[in-house]
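Residue 408 in full-length UniProt numbering sits at position 408 of the sequence shown, and the numbers go up by one each step. Heads up, the beta-carbon is just placed ideally off N, CA and C, and yes, glycines get one too. Have a look at the structure below, then the notes.
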Amino acid sequence: MASVRRHLADLSRRGLLRGALALAGLAALNPRPSRAGLAHPRFAEDPFRLGVAAGDPRPDGLVIWTRLAPTPEQPDGGLDPLPVEVGWQVAEDPGFRRLAAQGTAIAQPDAAHSLHVEVAGLRPARPYFYRFLCGGQASRIGQARTAPPMEADSTVRIVSAGCQHYEHGLFTAWKHIAREEVDLVFHYGDFIYEYAARPVGSVSAGRTIIRSHRGGETLSLADYRDRHAQYRQDPDLAAAAAAHAFAVTFDDHEVANNWAGDTGGRGEHGLDFDLRKAAAFQAWYEHMPVRASALPRGPRITAHRRLTYGGTVSLHLLDTRGQRDDQPCGDGTKPPCAEVARPDAQMLGPAQERWLLDGAANSRATWQVLAQQVPMFARVSPNGAISMDKWDGYPAARARLLHGLRDRGVENTVVLSGDVHSAYAATVSAVPEGPALAAEFTATSISSEGDGSEERRGTAAALAANPHIAFHNNRRGYCRHTFSARLCTTSFLAVPFITRPGAPLEERGRFVVESGDARVKPA
Numbered sequence: 001m002a003s004v005r006r007h008l009a010d011l012s013r014r015g016l017l018r019g020a021l022a023l024a025g026l027a028a029l030n031p032r033p034s035r036a037g038l039a040h041p042r043f044a045e046d047p048f049r050l051g052v053a054a055g056d057p058r059p060d061g062l063v064i065w066t067r068l069a070p071t072p073e074q075p076d077g078g079l080d081p082l083p084v085e086v087g088w089q090v091a092e093d094p095g096f097r098r099l100a101a102q103g104t105a106i107a108q109p110d111a112a113h114s115l116h117v118e119v120a121g122l123r124p125a126r127p128y129f130y131r132f133l134c135g136g137q138a139s140r141i142g143q144a145r146t147a148p149p150m151e152a153d154s155t156v157r158i159v160s161a162g163c164q165h166y167e168h169g170l171f172t173a174w175k176h177i178a179r180e181e182v183d184l185v186f187h188y189g190d191f192i193y194e195y196a197a198r199p200v201g202s203v204s205a206g207r208t209i210i211r212s213h214r215g216g217e218t219l220s221l222a223d224y225r226d227r228h229a230q231y232r233q234d235p236d237l238a239a240a241a242a243a244h245a246f247a248v249t250f251d252d253h254e255v256a257n258n259w260a261g262d263t264g265g266r267g268e269h270g271l272d273f274d275l276r277k278a279a280a281f282q283a284w285y286e287h288m289p290v291r292a293s294a295l296p297r298g299p300r301i302t303a304h305r306r307l308t309y310g311g312t313v314s315l316h317l318l319d320t321r322g323q324r325d326d327q328p329c330g331d332g333t334k335p336p337c338a339e340v341a342r343p344d345a346q347m348l349g350p351a352q353e354r355w356l357l358d359g360a361a362n363s364r365a366t367w368q369v370l371a372q373q374v375p376m377f378a379r380v381s382p383n384g385a386i387s388m389d390k391w392d393g394y395p396a397a398r399a400r401l402l403h404g405l406r407d408r409g410v411e412n413t414v415v416l417s418g419d420v421h422s423a424y425a426a427t428v429s430a431v432p433e434g435p436a437l438a439a440e441f442t443a444t445s446i447s448s449e450g451d452g453s454e455e456r457r458g459t460a461a462a463l464a465a466n467p468h469i470a471f472h473n474n475r476r477g478y479c480r481h482t483f484s485a486r487l488c489t490t491s492f493l494a495v496p497f498i499t500r501p502g503a504p505l506e507e508r509g510r511f512v513v514e515s516g517d518a519r520v521k522p523a
């Protein structure tokens, strides 16, 4: 505890929050300094070691991202605290003979020399290639697809994935995702884990440590930046980030385990939680391909947003952490206490919930896809225990949302989730044994909890107690979703091991949802 206090002893709560707010304004305005104020480095080392990424595609454009860091292991990435001008190019071909857009942007030291270029003027539903240029060096080439035009009824292919604990294993699943032919990757969160480094070969919570984090538990802005940089250097993750457009959200471990609203995660040392959130959100923004609308304002961030894929998919990206109530009954998995039944329970918060209901009701897309973090479907253990951190701990919020969609005439709701390190396919109801109101597909983890197994202990009894759950698997991997005018088809892809390289990709299950019928069925 004393070391943690010393770690943040030089931080003033008011000073940090003022600084975070000022930084958000600076990054949003991105004032162009005079050329005399710019650094003009010539790099002997690759300044693009953290790779490239693209995100939040629209029919006419997308975001392209990178961060200059020739020595990512250093807090400043190995750069002087001066702005740097960086060139960027977007082309219709990988040889960059047919440029579609180009320009320069300023990498600001206060934003860790990261760049979020919002490219416009592109054509819909086609792949583009992009790269960055600085100091005599060129980044790797990234590729991403723009969204289809609003009136198009094209097939849409989306991968959902997340929960990538660096210490628990290799990111082999990302290598396979890089080879997929998809329009978008939805990363539901847990891009990093905040825990302190553990020695390779040691055992923590029953998991053998395969490779180690750098440093202690992430508490300061420098800590979170370093952890993101370490994850971004993984070659399989970098390959996937360069291969597809991403739509990213966050879950708990980008900040602290099981944090909820203004309440810190369990075991967060009693630190001022606003300080920690401000640091975590700033580092998250600096390392994600998101638009300026996601700039944090100290400990506050607006992460929910909507992506439209023609007349087929309206993708509602949600934040199930920032506006929720604290977990009832002291968190954990246990039989529900009286607090679970509170009628005003909040998972999304009133403003986000209203935004979602109104947006889904006004959408012309066939499928309303709720891209969020924690499972919405009911998971009740044979002894009556539920997880207080999931929607099960907030049944009134779940019923209010599902009934709100139904009452507004919204059909074909598909929920994408993760967090629990196992794969599930389930039909979602507002109340036990109620009518089917949505279908849900929960992606397993990329690496969290190691190799895993075909099923968790006690699965047979749990499935018998929850007949609306159609599928469960406990290997590592991801989901591939294909949306057409008539069907949503989901494949559960898994790798048999991640504690050593070379794992093949295997399909563990395939399920469909028919337009007009929320029930999940085997394909």
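- A contact is defined here as three or more CB-CB pairs under 8 Å, and the segment 234–250 fails this definition with respect to the segment 193–209.
- Secondary-structure assignment with DSSP links ILE446 through no beta bridge to anything.
- ARG306 places its beta carbon less than 8 Å from that of SER314.
- By the C-beta criterion, the segment 63–83 is judged to be in contact with the segment 44–52, since at least 3 inter-stretch pairs fall below 8 Å.
- For the segment 54–138, the full-length beta strand (DSSP E) segments reaching 3 residues or more read 61–67, 84–91, 99–107, 114–119, 127–134 along the chain.
- By the Cβ rule, the segment 476–491 counts as touching the segment 503–511, because three or more pairs are nearer than 8 Å.
- By DSSP's assignment, TYR424 forms a beta bridge with THR442, HIS472.
- The closest CA to that of ASN257, considering only TYR193, LEU402, ASP234, is found on TYR193.
- Per DSSP, VAL520 has no beta bridge partner at all.
- For ALA283 and ARG225, the gap between their C-alpha atoms comes out near 5 Å.
- Beyond the five residues adjoining it in sequence on each side, ALA341 comes within less than 8 Å, by CB distance, of PRO395, ALA396 in the same chain, given in chain order.
- By the beta-carbon neighbour count (other beta carbons within 10 angstroms, threshold 16), ASP153 is exposed.
- With a cut-off of 8 Å on Cβ pairs, the segment 150–167 is in contact with the segment 226–235, counting three or more such pairs.
- Of the residues LEU38, ILE158, SER139, SER212, the one whose Cα lies closest to the Cα of LEU170 is SER212.
- The alpha-carbon separation between GLY310 and MET150 amounts to approximately 4 Å.
- Distance from THR413 to ALA518 at the Cβ level is roughly 7 Å; contact confirmed, criterion being Cβ atoms closer than 8 Å.
- ASP262 counts as exposed, since fewer than 16 other beta carbons sit within 10 angstroms of its beta carbon.
- DSSP links LEU493 through a beta bridge to TYR478, GLU507.
- Fewer than three beta-carbon pairs drawn from the segment 130–145 and the segment 431–447 are found closer than 8 Å, and the two stretches are therefore not classed as touching.
- Considered as a whole, the segment 292–365 harbours 350–362 as its complete alpha helix (DSSP H) runs of no fewer than 4 residues, in chain order.
- For GLN368, there is no enclosing alpha helix (DSSP H); the enclosing beta strand (DSSP E) covers residues 367–371.
- Secondary structure of GLN282 (DSSP, three-state): helix.
- Annotated as proximal: GLY87 and PHE132, with beta-carbon spacing under 8 Å.
- ALA54 is positioned such that its CB atom lies no closer than 8 Å to that of GLU286.
- The count of Cβ pairs closer than 8 Å, one atom from the segment 451–463 and one from the segment 392–411, stays below three, leaving the stretches out of contact.
- Note that the C-beta distance between ALA107 and PRO75 is not below 8 Å.
- With distances taken between CA atoms, ASP93 lies nearest to PRO127 out of GLY121, PRO127, VAL119, ILE177.
- Unbroken beta strand (DSSP E) stretches of 3 residues or longer found wholly inside the segment 139–217: 142–145, 156–161, 184–187, given in chain order.
- Of the candidates SER114, ARG123, CYS134, the residue whose Cα lies closest to the Cα of HIS40 is CYS134.
- Shown here, PHE273 sits in a helix according to DSSP, grouped into three states.
- Residue burial is scored here from C-beta neighbours: ALA365 has at least 16 other C-beta atoms within 10 angstroms and is therefore classed as buried.
- Looking only at ALA178, HIS187, MET288, the smallest Cα-Cα distance to ALA371 is reached by HIS187.
- For SER445 and SER363, the gap between their C-alpha atoms comes out near 31 Å.
- One alpha carbon belongs to SER114, the other to ALA105, and they sit about 10 Å apart.
- Nearest in C-alpha terms to GLY103, of all of LEU318, ALA120, ALA144, is ALA120.
- DSSP places LEU416 in the uninterrupted beta strand (DSSP E) bounded by 413–417.
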